[in-house]
Structures are given as structure tokens and as C-alpha cells.
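Asks:
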Amino acid sequence: MASLTDRLRGIVGGAVPRLSPELMPPGEATPVATDTAVARSASLREPAMARAAEVLGGQVVAARTGAIITVDRHYASSDRYGRVTIGDIVDTLLDLHDARALLARAWPPSASGPGRAGCPGASVVEPTLPRDRQSRREPDSRFPTPDSREPSGLWFLDLETTGLAGGAGTQAFLVGCACVSRDGVSVRQFLLPGYEHERALLAEVGDWAAERGAIVTFNGKSFDVPLIETRYLFHRVPFPLEGVPHVDMLHPARRLWRARGTLDGSGEASCSLGTLERLLAGVHRVGDVPGFEIPSRYFQFVRDGDARPLEAVLEHNRLDLVSLALVMARALTLVDRGPGAARDAYECLGLARLYDRAGTLEEAEAAYVRAVEMLLRVGRDPEATGEALRRLAYCRRRSGRTHEAAAAWQQLADLPRCPAGLRREAREALAIFHEHRAHDLAAARAHAERLLVEQPSGRRRDEAEHRLRRIERKMGRARSLASLWPEREP
Amino acid sequence: MAAQSSAQVSALRTQEKKEVALQGALQVLAPGPAADRPDTPDGVVTAVRRLPATPASFAPFPEGLDPRLLKALAARGATELYTHQAAAFAHIAAGRNIVVTTPTASGKTLCYNLPVLDAVLKNPATRALYLFPTKALAQDQMAELHEIAGTISDEGGDEIGVHTYDGDTPQDARRTIRTRAHVVLSNPDMLHSGILPHHPKWAKLFENLRFVVIDELHAYRGVFGSHLANVLRRLRRVCRHYGSDPQFICSSATIANPAELAERLAERPFALVEKSGAPRGEKFFVFVNPPVVNRELGIRRSYLNESRRVAGEFLRRNLQVILFAQSRLATEILTTYLKDDFEDVPGMPEKIRGYRGGYLPLRRREIEKGLREGQVRGVVSTNALELGIDIGALDVSIMAGYPGTIAATWQRAGRAGRRAARSAAVMVASSAPIDQFVVRHPSYFFDASPEHALVNPDNLNILVNHVKCAAFELPFTAVEEYGRVNVQEVLGVLQEAGLVHLSGADPDDETSGQWHWTSESYPADAVSLRSVSSDNFVVVDQTGEPKVIAETDFTSALSMLHPKAIYIVEGRLFQVEKLDFEGRKAYVRSVDCDYYTTAIDYTKVTILDTFARDAAAVAHHGEVHVVSRVVGFKKIKFHTNENVGSGELDLPEHQMHTTSYWLEVPGPVLAALPYAVDDRRDGIRGLAYAMKNVAQLLLMCDQRDVGLSVNAGDEVVAGPAVAPGQDAPRIFLYDAYPGGIGFSAPLYGMHDELLARTRVLIEGCECENGCPTCVGPVGETGPLAKTVALRLLQHVIGDAGAEAPALRAADGPMLGGAGAPSLESGTERRDSTPGDTPDDVPF
């Protein structure tokens, strides 16, 4: 009868996943310990931890609950970052308070609770609702907006984790934090040298983050913050970021630059930090570690104590933090200077939508108008043009200027190669406008009839037919009152 | 007031009418006195038993019950408790775990709702987790709990949060549920993959968890139960982390070992509450054996046709009927038949519905509602409706074929009958050996204990998967124990595969350190509690706009959805045009044809390791490798059951390692038989057929739990000088789950009894050359199968075994002993269709 271990091997199968040799940094690869006895001694001890800290250019911080490695880097104002300087970035972040407030109004920085929307991977386990329900705006009055707090308080957070799935078994092994001053961007990274030190890491991060103001992340509302909160909950330690305002730059960035991502030639509508830094500042990373490889590099470090494969991971994390600052700075600049600063029609449209969301309708309208002009000049994208006109019309209606709104609808209805759905919407809006506002029943009927020609379906068709009947009834009444003699219209 | 009394009067009148109709139908089916007739094993109706009505026995509400709860119960008309509810409450108050086994509709749910609501009212921090085997049952329960909770808050009590948490729970409701719900109703699968792995988010629940309620405990046997036991081990680990130690409250249908099962699942001591204080209406239980239609060949009328006739008698009198079939295929066939009989106008509301695993949830909810509201007059179902899904109380329960276990039979019979009203249950036997035994020995069923439910939580395949999940949830310490295996050794092997890592260990201290999960994967996703593989196949109808019409689990897919298979959904026929095995999809198109298909499979077993053998080297127990493959299919004509064609298939094979009992026929024994090679082989096959059926009765297990494979030793029989043990003919009875689930070891222990009873079965059968009741139908096993099988047994047993005791049937001859030989007209496909499972627990 086979031994228990042999039977278990048959069931478990597989061997330790190893990094391919070419991914290893220069120098001979250290053999990986597979035997339990060897592995026991391979746990990172004091000297090994000091060596790792040295390799990574950091230091060991010993605390009561364990030890961690911290790595500090400073990016000086005079340093270049692609086409811009670090100084440009920090000055923008520190100066444009009004723009920050506007951004905050567009996406209220509700502080994160336990896994608000769940981690991305959690959708595998917990089927998610349609997107719109998750991204619904939920202004939360309990938490002050950033402008009501210390104005320059702002720090950036980015985690590297042992997986994307979320849940109790996914850990943040690297917590990257950055803060800005006139001198530049200062990054502090907290590295977990072994799982048993997690409490110490969480405590250090909590101390560092205290009183620093609002958190800025990229997709942090659904990933980084719920994940690190889970770690605190796991250790049953209060979450130090509870109630701290949180600006997730993913959403503004999507508004402003997703469309441009597609025009970038990359083919897909990517809105990753890598795409954005290339787009906004011409930054090209060299030898960047691909995201999917990051967990296995950490697992290898945990197994053999060799920190060299982690160097690239830490560098990746630092660049992400600087790029996050860049993205925010660029967004604030746009918001501050208005549509004139937009480099193309899409950025302008995105800016208009951002203003729209923040409720600054005047700025929004101006930006929509400018976006429509720019789009019409190029004339290549009826979808975007139609979308801009539609939003312009709604924006004007919300400011109570229905006649100007109707002008936008009319422009949309007349737009060459206008998408059918948008054209139907325009006709419907025009029919309503002429029936109820302009009291021009003939025009209302014309729009209603043309809407039916466009073959709407379902509820929209029923409504259109109903509307047409009602308009004709009204017209009949008006005529019978006027002349008792129906006359045929052209 | 007047309106109410007139409603009462009309209800009474309906009741009277129903009773008259029921009596009428019973008179047609079983003429003669309605009650307490002597059994007539040779007749068509072999038994009519009257189960008398039982009055209620009450107990006062326990002292100290929260006054708000008392008030709410009083507002709902409850002024006292049934005795079993009071007993349950007393045990819980004393801190014991309990398992309640009272019949359907006995107010079982109050047994757990009472202590839970009382505790929540007294301390609002209290939390309870309810587990149901299906989402539908959780929904049913929530409706009931919501009513009580609503009454409590109406009466000025506090709000009690009651929520279901499953795959359908909206994302934005989840956070609230995690922190606010006092009672969370979920299922083991969700606990396994959605709650435990995210326990930090559930900290509030786990810190305050006082009760874990497990309803329908009997559903957790075999593989599913073994998984649940491991999920509960993980639950207890997480509770320890948060400092809680919940009490378990379980409810179960009648099985032989409810407390033992609960103890195996929860690994805690349990007290049993089994004496019901609830009233019960009178019930008639009728056993029907389809009549012999061809006396010379001993062919019986098809049990499906007979079930159709029986159901017709009740449906015609406008009684509401549930008809249980043994397989998904039989369900569809019977649905087709009854629709033919009772649905005349297309487009009218459907009076007859089918119901089985694989139907989409929306369709199921619609059928359940139709049953409760009475538009649906008859439902044909697999065991999917055996559990307590709320379909109201029907008038009659009919079983087409013996459900395989005593417990399942009572459970199905219980779907008919209200507390005060008269109801009926009818079992129509097929010609399978077990059916024939039970139908001719009614006291085996009526007077014997029901089956044991077995689980094997330490099955290595299952356990290893859950150790992974557990390590993901909380690191294992270097001294932690888990189950009955050495978990440290398991973790060592997981470390070799890079899945865990021992960190913080002092090299000089073996007890230091913790095993941490070191993989990006989310291990719970890779483990399905319900079947071997978590994959399922969807069935896409391409007749019009492509749409998904059903789904099926991985194991059934190959036999139900192979190319050219006829796939039936509620009587509508579809032909499979393409099976996309990689994409897990089957494309079907609606067809109009007069046949259905059954798959033919081929199984080969190889011995890997022998754990034990008896002195004569006949009986063995060990580890085997099983390869099975669907190799072809037959086309069977509806109604006549003629075989009208066949086809070959080339499909991927299914492999597993499992444990097995096997019987090896010694070379000299075989050589001594004065028969031709083919006849010897037939004899071995016939013996195997009989042994499998006896094994099933001895183990009291489901026919799916044990697989049969025969290696007839074709190469060996020709040469008598072959060394013993080398490719000798063998009969394998193996655990039909990777790693084994605990049936083969007891079988090895019962080897002598198994052979003795098999011998009595074959000897006692009055057929001449074999029939489905002993060694299998002549057409399939050959003319000398019976004779050779008996000679084989004589050699293997010697003469000592001839006096084997009868199988619990104190009043009659042995299994298959008396009665006419019965060969049915070819309907018995259920055992030959490997993947056509009697059904899953619907999910």
C-alpha cells in the first residue's frame, strides 16, 4: 500500500512553480528548497532580511509584532518624467485646490468601507450586478470632502498583492505610498519579508498614513482599499483609513482619456496607468515587470529569501505611484484651464462630461460646444459627435434653456451618419419640445412621424404612436375650433 | 364572519369531494376492503396498508421565552408547542447540539426558529447561519421567517434581520447582510466559496455566531456529505479565530442513523429528537407489481405504462398528483405520456409538468407556483422534488419504481397529505431485483429500519481540496490537526507543489511556524461540493434564435448529450447536433420523432494496489483505476420500447482512482467448470449482475454509489494452466467516486454474506434461464448464465453458505425467492444508462 505522502503526491500533483531562468536577474539562480526540513530553515532570518533590505536599497524596521523592510526614494522637482518634470506635477497638485474640489464633487470621495464593490476577482464567486448599479453615485455626507480638510493633504497608495482574487488568502506584500511637497515626490514602500510579519506591516502603514489627508489611488475603490482593509479585519485591528477621503483616479481618467486610448494605436480601449503615462507624458518604461508575474516573484522570494527578483517589482510600484501623481496633475490642469487646454476633441468631450458630473453646467456647456466644434471639424466620428450633442442638449435642458436644448437636438437630428438610436432620441425630444414647449403642433407631428419612419421598437414605438395620435387629436380639436374645415397639410 | 364560515363550508365540501375521489380511485386500483389487508405477494396489488391518523400532543411554551416572541406566536395563532418542539428547545437551552427527525409538515422549522429568535431578541448581537441544500429551500424558509419577524416588529418588538445569501443576492445588498443580518440563510456551496474565503468581511457574523442550522441533513450523504463535513471543519476553524463556538441544530428525514450522521458531519456530540407531537392525516400506502403479460416468458407489463395507468386513475378524479420517476429520462417519458393523456388543447395552461435537475430556475419556480396554486394537476419529477421545496400538500404521491432506499420512499410518500386530510402513496415496482424483492416482501419496507447515511470526510481527494481552502482562509499552525489524517503531511506535500509555505518557523522547534497560502489562485473555485467536476454543460436550442434551454452536470453530459442523442425537456424532443466538449455546450434542434436514445458505456478496471484479501484469495479490497467511456447508443421506440437502431460514438473517456471490493474466480474453479468459454463468461456476468443488486441492499446505498465492472478473463479461460491471480476473471464493485466514499471496505467485510445471499437469490428465482430479477435478462446474459453462476457460487462458497439467513424479511422467502419470474418488455434501461442519474439535488 502506497504511503500517505505518495498518495497525496498523486492527488496534488505538480511541482513548485519556478520563474523561468531568463527572468532571474544576472548571477546564478539560487536553488529552491523543496524539502520541508530545508524549507523550515529557509524562513527569512535576521541576516537574510538585512541582505534583502540591502539588495532593495532599504532598511529593516523591527517592531514588537515583527519586522518589515522599508524602501525610501525621492524624485526631486528637477527630475524629468517623460516630457514633464516632477516639479510640474507637484506644483499642480499643490496649487490647484479649486480643481481638486471640482473633481471631488464629480466623484464624491466616499471613504471606503469593507469591500464596497468587492474585489474584481470576487465576481467569480459572487456574480455581480450590472455595472451601473455599482458605479452609482452615492454622496455620503458623513465624510468631509477634501477641501474642508487640510488642503494640501494628499497621498498616493498602490499595492502589490499575492493575487487578484481577493478573500482571506490574498495579501498585500508591498504597500507603496507617496506624498508630494515642493521638493518633489517622496515614495515609501513597505515590504512584507515573511507572512508572519503582516501585523507589523499593517501597524507601520497605519502610522505613516495617519493625518496625511485624502488617499489617491488608481482603481483603489474596488481593489486596493477593500483588500488592505480585509487585512486589518483579518488581524482584527481597527482600519486606520476608515473615514479617510478617497479619490479614485480611475474614473476621471476613464472619462478623459479612454477614447484617446483607442486612438493611440494600441487597438483596445485601455486605460491603464502604463497607457496613460505614455499618452500624457511620453513615458516609456524599460524592463518593466508584467503584472501577472508579480505574485510568483514574491512567492519565490518567500521560499528562497533571494530579493533580487523583487527589485523590478518595487520599481514597477514606484513608477505606478509617480504616474498616478502625473495622471491626477494632468486632470487638474485640464479642469483648471478649461476646454482651451484640451489637446483634442475627445479630451474636450471628457472634460465636458467631468464638469457635467460635477454639476458646473456652464463650464460643461462651453466644453460640449467646443467638443462638438472640434469633432465636426474632423468630421470622422458621428458617434462621438452625436453623443456630445446629446449631452449638450441635456445639459442645456438642465439649466432650463429648452430652446437652446432643442437647437442641439435639431443639430443632432440633422447630423450626417448619425447613429439611429441617437437620431430617434433627438426626434422624440423634438416632438416633445414642439408639442409642449413651442406649441407648434405641426412641427411636433412632423417629428413624431419621422420618428416612426426610423422604426423604433418596443416601448419607444408605442409611445411614439400614442404621441402622434394625441398630437393629431389636439390638431383636430384646434382646427375644428378654428374653421370646422380640416385642411391637408403639405 | 358569514363570508368566513361560508368559505369554511366550501373548503369542507372540497375536502369531502376529494376524499370521495380518493376512495374511488383506490377502489379501482385495489378493489376490496380499504384497510389492513393481508399482503398478497403474487397479486398485482401486493400490499395495501392504512397508516392511521395520529392526534397532536402538545406541550406548553418553555418558561423564560422572550415575551415579544410569545406575543408574536400568539398573534399567529400558536398558543402551545408540539412536544417535539418543546423538547428541542430544552436541549438547545441546555447547550446541546440536536438533530430533529420528525415527518414532513410536523412544524420542524419552529424547532430551530424558536431558540434562534429567542436568542436574537434577548441579545441583538446574536447571529445564526442556516444552511439548506438548495437555494429554493432557503427562499421558502426566508418567507416563513420574514412573517414571524414581521409579526414581532408589528407587535412592537425589534427588527430582526433575515436574509438569504447566495449567488442571486444583489451585490449592493451584500455588505448590509454581512453586518446587519441576524439570520443568514445560505447553502453549503455559498459558505464554501463565498463566505468562508471572505471571512474578514463577515467578522461580525463569526464573532457572534451562536447557531448553525442545517436543514435536510439526510441530503448530505456520500460525496456531498463528505464535502460538507470538511466545509464545517473550515467553519469551526474560522469560528475559533473569531472566538465563537456555535451550537448545531439539524433536521433530517427519517434515516437509520441521524445522530451518527450529524456527529460525523459536525464532529460534535448530538442529542436526538425523534418523537413527533404533530398530528397526521390518514394515509393509504399501496404496492403495485405490474401484471405478467406473457406467462411463458414471464414478461411483466412495463412499469412506466403501469405508473401512467395508476396516475391516470387519480388525475381523472381531479386529484393533484406527484409522480416520481427514477431518472431524468424516465421523467421525460412519463411527462410525455401524461401530457398525451390529459392535455388536449395546445396553448391552454399546462396541467401536467415535468420537473428535474437541469431545468432552468425560472421554469422550476413557475412549476412550483403552479403546484401550490393548483393549476398544475400533475407533476412528474426526479428526486429533485423529494426535499422540502414548498409545493403545497398534494393528494397523491406515486413512485414509478422503488426509489432505492426506504428513507427516500418515505420521504417521497410524505409529499402527499396534509395534517388532517386523507392521502395516498403508490409504489409501482419495476422488474429490477430490488423492486421485485420489496414489492413482494412489503414488510421489508413497512417494518424495517431505514438506511444508514454514510460519509467519509477523510477521503483524501476531498480532504486535500478542503485543506487548500482552509489554508487560504487561515494559516495552519505547525501543530494544528484537521480530520483524521496527518494534516502536517498533507501540508508538506502542498508545499512541494508550491501552494503553501511554512513561515516563521524556528528550525530547532518543530511546533513553531505557520503554513501560509502561496498561490494566486482562489482554491474554493476549483472545488465543487456536488460533483466530481465543477464544470457543467449548457444545452443550446438552435431551432430558432439560439437560446439556452437547460444545463447538465459534467458526469451526465456524455450520456445525455452525445451527438445524435434525443434530449427531452418537458416532453419536447430535441436532437443533439453538436457536442462542443471543450466549450461545454451541446447544440440541439427541435425534432419530431418516435424514439428516444440511451447511451451504452464501457468500463475497464485495473488493480493498482491490494489492501486486503481473504485466505482463499477470492475476496479482495484495494485501490483501482477505472476508465469509462460512452461507446454508443440505442434508439428505443416510445410506447413499445422496441430497439429501433443504434450508433457508435467516439467520446473522451472518464478516469478515476477509487477503492473497490472484488471477487476473483480462482483458475482451478473456472477450469473445473464443464462449460464452453462463452457460457463461463455469461455465468460470471450473471453472477456480477446479481451481486451488484444484493450489495446495494446490503449496503443500503443508492445504485449510483457503487459501480460494477466485470473482467471475464477472456484470455485466461481458454488456458487452464494460468497462474492464479494473473488476469483471472474478476467482479469489481467499486466506490463510484474518486478516492472512494466508504462502501467497498464494508462490502469486503460482508463478503461471505454477500455470496450467500446472492446464491439464495439466484436459487430461489423461479425463472429457468435467468431474468432481470436474478442474473439479468436472458437476451443479455446468455442461456446458461443462471446455471453457470450457481455452479460458480457452489465452488466458491462450498456448501456451508447454503443456509444463509433471509434478508430482514422475517415473513417471507428470500430476496427474489417466490413469485413468477418476471421479464419485462425491455423497459429496464435505467441501470444501463450510466450518466442518467436518478437526479441531483437541484441547484
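Protein sequences, first through last, are from chains Y and C. Okay, so the first sequence: first residue is 27 according to the numbering used here, each after it adds one. Okay, so the second sequence: first residue is 844 according to the numbering used here, each after it adds one. We put the beta carbon where it would ideally sit given N, CA and C, even for glycine. Note that the coordinates shown come from a computational prediction; the quantities given were computed from them, not determined experimentally.
(1) Buried or exposed for Arg495 (chain Y), going by 16 or more other Cβ atoms inside 10 Å?
(2) Pull up the distance between the alpha-carbon of Lys1212 (chain C) and that of Asp1437 (chain C), whole angstroms please.
(3) What residues from chain C crowd round Ile37 (chain Y), counting only those whose CB sits closer than 7 angstroms?
(4) When we look at the beta-carbon of Leu34 (chain Y) and count the other beta-carbons within 10 Å, is it buried (16 or more) or exposed?
(5) Within 10 angstroms of its Cβ, does Phe318 (chain Y) collect 16 or more other Cβ (buried), or is it exposed?
(6) Taking Cβ positions, are Thr805 (chain C) and Ala1250 (chain C) nearer each other than 7 angstroms?
(7) Go through its chain and collect everything with a Cβ distance to Ala355 (chain Y)'s Cβ below 6 angstroms, but skip five positions before and after it.
(8) Please name the residue, chosen from C:Phe1424, C:Leu1306, C:Ala1296, that lies closest to Ser1371 (chain C) on a Cα-to-Cα basis.
(9) With a CB to CB cut of under 7 angstroms and the five nearest residues on each side skipped, what residues in its chain are close to Lys1311 (chain C)?
(10) What residue range does the beta strand (DSSP E) around Tyr1439 (chain C) cover?
(11) Which ranges would you report for the alpha helix (DSSP H) in the segment 240-301 of chain Y if only whole runs of at least 4 residues count?
(12) Under a CB-based cut-off of 7 angstroms, is Glu230 (chain Y) close to chain C?
(13) Please name the residue in C:Asp909, C:Gly1529, C:Ala1400, C:Phe904 whose C-alpha comes closest to that of Val1382 (chain C).
(14) Does DSSP put Cys1312 (chain C) in a helix, a strand or coil?
(15) Checking contacts by CB at 7 angstroms: is Pro177 (chain Y) closer than that to chain C?
(16) Since I believe Leu299 (chain Y) is in contact with Val353 (chain Y) (beta carbons under 8 angstroms), could you give me their beta-carbon distance rounded to a whole number of angstroms?
(17) Which residues does DSSP pair with Trp1358 (chain C) in a beta bridge?
(18) Between Glu1394 (chain C) and Val1271 (chain C), which are expected to be in contact by the criterion C-beta below 8 angstroms, what is the C-beta distance as a whole number of angstroms?
(19) Note down, in chain order, each residue of its chain lying with its Cβ closer than 8 angstroms to the Cβ of Arg1076 (chain C), except the 5 sequence neighbours on either side.
(20) Could you tell me which of C:Lys914, C:Asn940, C:Thr952 sits nearest to Tyr925 (chain C), measuring between CA atoms?
(21) I need the boundaries of the alpha helix (DSSP H) containing Met985 (chain C), first residue and last residue.
(22) DSSP three-state call for Thr969 (chain C): helix, strand or coil?
(23) I'd like to know whether the C-beta of His1359 (chain C) is nearer than 7 angstroms to at least one C-beta of chain Y.
(24) What first and last residue would you give for the beta strand (DSSP E) that runs through Glu1394 (chain C)?
(25) Let me confirm a value: Asn1161 (chain C) is counted as buried when at least 16 other C-beta atoms fall within 10 Å, else exposed. Which label applies?
(26) For Gly189 (chain Y), which residues in chain C fall below 8 angstroms Cβ to Cβ?
(27) Could you list which residues in chain C have their beta carbon closer than 8 angstroms to that of Arg329 (chain Y), in chain order?
(28) Leaving out five residues before and five after Thr1449 (chain C) in sequence, what residues of the same chain have Cβ atoms less than 6 angstroms from its Cβ?
(29) Check for me: the alpha helix (DSSP H) holding Asn1073 (chain C) runs from which residue to which?
(30) Determine, for Ala89 (chain Y), whether the minimum Cβ-Cβ distance to residues of chain C falls below 7 angstroms.
(31) Cβ closer than 8 angstroms: which chain C residues qualify as neighbours of Gly220 (chain Y)?
(32) Exposed or buried, what is Asp961 (chain C) when buried is set at 16 or more other beta-carbons lying within 10 Å of its beta-carbon?
(33) Compare the C-beta of Phe1319 (chain C) against all C-beta atoms of chain Y and say whether one is closer than 7 angstroms.
(34) Compare the C-beta of Pro1300 (chain C) with all C-beta atoms of chain Y and state if any pair is closer than 7 angstroms.
(35) In whole angstroms, what separates the C-alpha of Val1603 (chain C) from that of Ala1632 (chain C)?
(36) Note down, in chain order, all residues in the segment 1033-1047 of chain C with a beta-carbon under 7 angstroms from any beta-carbon belonging to chain Y.
Replies: This is what the structure gives:
(1) Counting from one through the first sequence, the residue named residue 495 (chain Y) turns up at place 469. Burial call: exposed.
(2) Position 369 of the second sequence holds residue 1212 (chain C). Position 594 of the second sequence holds residue 1437 (chain C). Pairing Lys1212 (chain C) with Asp1437 (chain C), the inter-Cα distance amounts to about 31 angstroms.
(3) Indexing the first sequence from 1 puts residue 37 (chain Y) at position 11. Going along chain C in sequence order, the residues near Ile37 (chain Y) (Cβ under 7 angstroms) are Leu1303, Asn1304, Val1307.
(4) Start at 1 with the first residue of the first sequence, and residue 34 (chain Y) comes out as number 8. Here Leu34 (chain Y) is buried, its C-beta having at least 16 other C-beta atoms within 10 Å.
(5) Start at 1 with the first residue of the first sequence, and residue 318 (chain Y) comes out as number 292. Exposed.
(6) The structure shown has nothing for residue 805 (chain C), since chain C only spans 844 to 1686.
(7) Translated into the one-based positions of the first sequence, residue 355 (chain Y) becomes position 329. Only Ile115, Thr118, Leu119 meet the Cβ criterion.
(8) Reading the second sequence from its first residue, position 528 is the one you call residue 1371 (chain C). Nearest neighbour of Ser1371 (chain C) by Cα position, chosen from C:Phe1424, C:Leu1306, C:Ala1296, turns out to be C:Leu1306.
(9) For the purposes of this step, residue 1311 (chain C) is identified with residue 468 of the second sequence, where counting begins at 1. The residues are Leu1337, Leu1342, Pro1366.
(10) As a working mapping, residue 1439 (chain C) is identified with position 596 in the second sequence. Counting along the chain, the beta strand (DSSP E) containing Tyr1439 (chain C) begins and ends at 1438-1456.
(11) Segments of the alpha helix (DSSP H) lying fully in the segment 240-301 of chain Y: 250-260, 276-287.
(12) The residue given as residue 230 (chain Y) occupies position 204 in the first sequence. With 7 angstroms as the cut-off, Glu230 (chain Y) does not count as an interface residue toward chain C.
(13) Reading the second sequence from its first residue, position 539 is the one you call residue 1382 (chain C). Among C:Asp909, C:Gly1529, C:Ala1400, C:Phe904, the Cα nearest to that of Val1382 (chain C) belongs to C:Ala1400.
(14) To locate residue 1312 (chain C), count along the second sequence from 1; it is residue 469. Three-state DSSP puts Cys1312 (chain C) in a helix.
(15) Position 151 of the first sequence, counting from 1, holds the residue named residue 177 (chain Y). The predicted position of Pro177 (chain Y) is uncertain, since its pLDDT is 45 and thus under 50; a value taken from the coordinates is nonetheless stated next. Among the residues facing chain C, Pro177 (chain Y) is not included, as its CB has no counterpart in that chain under 7 angstroms away.
(16) If you number the first sequence from 1, residue 353 (chain Y) lands on position 327. If you number the first sequence from 1, residue 299 (chain Y) lands on position 273. Contact holds; Cβ gap of about 7 angstroms.
(17) Counted from its first residue, the second sequence places residue 1358 (chain C) at position 515. Trp1358 (chain C) is bridged to C:Phe1319, C:Leu1345.
(18) On the second sequence, residue 1394 (chain C) is found 551 positions in, with the first residue counted as 1. On the second sequence, residue 1271 (chain C) is found 428 positions in, with the first residue counted as 1. A Cβ-Cβ separation of about 30 angstroms leaves Glu1394 (chain C) out of contact with Val1271 (chain C) under the 8 angstroms criterion.
(19) Position 233 of the second sequence, counted from the start, is the residue given in the question as residue 1076 (chain C). Annotation for Arg1076 (chain C): Glu1110, Pro1300, His1309, Ala1313, Tyr1325, Gly1326 place their beta carbon closer than 8 angstroms to its own, counting only its chain and skipping 5 residues before and after.
(20) To locate residue 925 (chain C), count along the second sequence from 1; it is residue 82. It is C:Thr952.
(21) What you label residue 985 (chain C) is simply residue 142 of the second sequence in a count that begins at 1. Per DSSP, Met985 (chain C) belongs to the alpha helix (DSSP H) from 978-997.
(22) In the second sequence, the residue the question calls residue 969 (chain C) occupies position 126. If DSSP states are grouped into helix, strand and coil, Thr969 (chain C) belongs with coil.
(23) One-based indexing of the second sequence puts residue 1359 (chain C) at position 516. Using a CB distance cut-off of 7 angstroms, His1359 (chain C) counts as an interface residue toward chain Y.
(24) Sequence index remark: in the second sequence, residue 1394 (chain C) carries index 551 (1-based). Counting along the chain, the unbroken beta strand (DSSP E) around Glu1394 (chain C) starts and ends at 1390-1396.
(25) On the second sequence, residue 1161 (chain C) is found 318 positions in, with the first residue counted as 1. Burial is judged here by how many other beta carbons sit within 10 angstroms of a residue's own beta carbon; Asn1161 (chain C) has fewer than 16 and is exposed.
(26) The count along the first sequence starts at 1 and reaches residue 189 (chain Y) at position 163. Residues of chain C passing the Cβ test: Ser1362, Glu1363, Ser1364, Tyr1365.
(27) Counting from one through the first sequence, the residue named residue 329 (chain Y) turns up at place 303. The contacting residues are Gly1341, His1344, Thr1361.
(28) Stepping through the second sequence from its first residue, residue 1449 (chain C) is reached at position 606. Around Thr1449 (chain C): His1468.
(29) Taking the first residue of the second sequence as position 1, residue 1073 (chain C) is located at position 230. That run of the alpha helix (DSSP H) goes 1065-1085.
(30) For the purposes of this step, residue 89 (chain Y) is taken as the residue at position 63 of the first sequence. Output row for Ala89 (chain Y): interface = no.
(31) On the first sequence, position 194 is the one that residue 220 (chain Y) refers to. From the beta-carbon of Gly220 (chain Y), the residues of chain C found nearer than 8 angstroms are Ser1346, Gly1347.
(32) For the purposes of this step, residue 961 (chain C) is identified with residue 118 of the second sequence, where counting begins at 1. Classification for Asp961 (chain C): buried.
(33) Along the second sequence, one-based indexing puts residue 1319 (chain C) at 476. Chain Y contact via Cβ: absent.
(34) In the second sequence, the residue the question calls residue 1300 (chain C) occupies position 457. Contact with chain Y is absent for Pro1300 (chain C), since none of that chain's Cβ atoms lies less than 7 angstroms from the residue's Cβ.
(35) Working through the second sequence from its first residue, we reach residue 1603 (chain C) at position 760. Working through the second sequence from its first residue, we reach residue 1632 (chain C) at position 789. CA-to-CA, the gap between Val1603 (chain C) and Ala1632 (chain C) works out to about 12 angstroms.
(36) Cβ contacts with chain Y: Ser1036, Gly1037, Pro1040, His1041, His1042, Pro1043, Lys1044, Ala1046.
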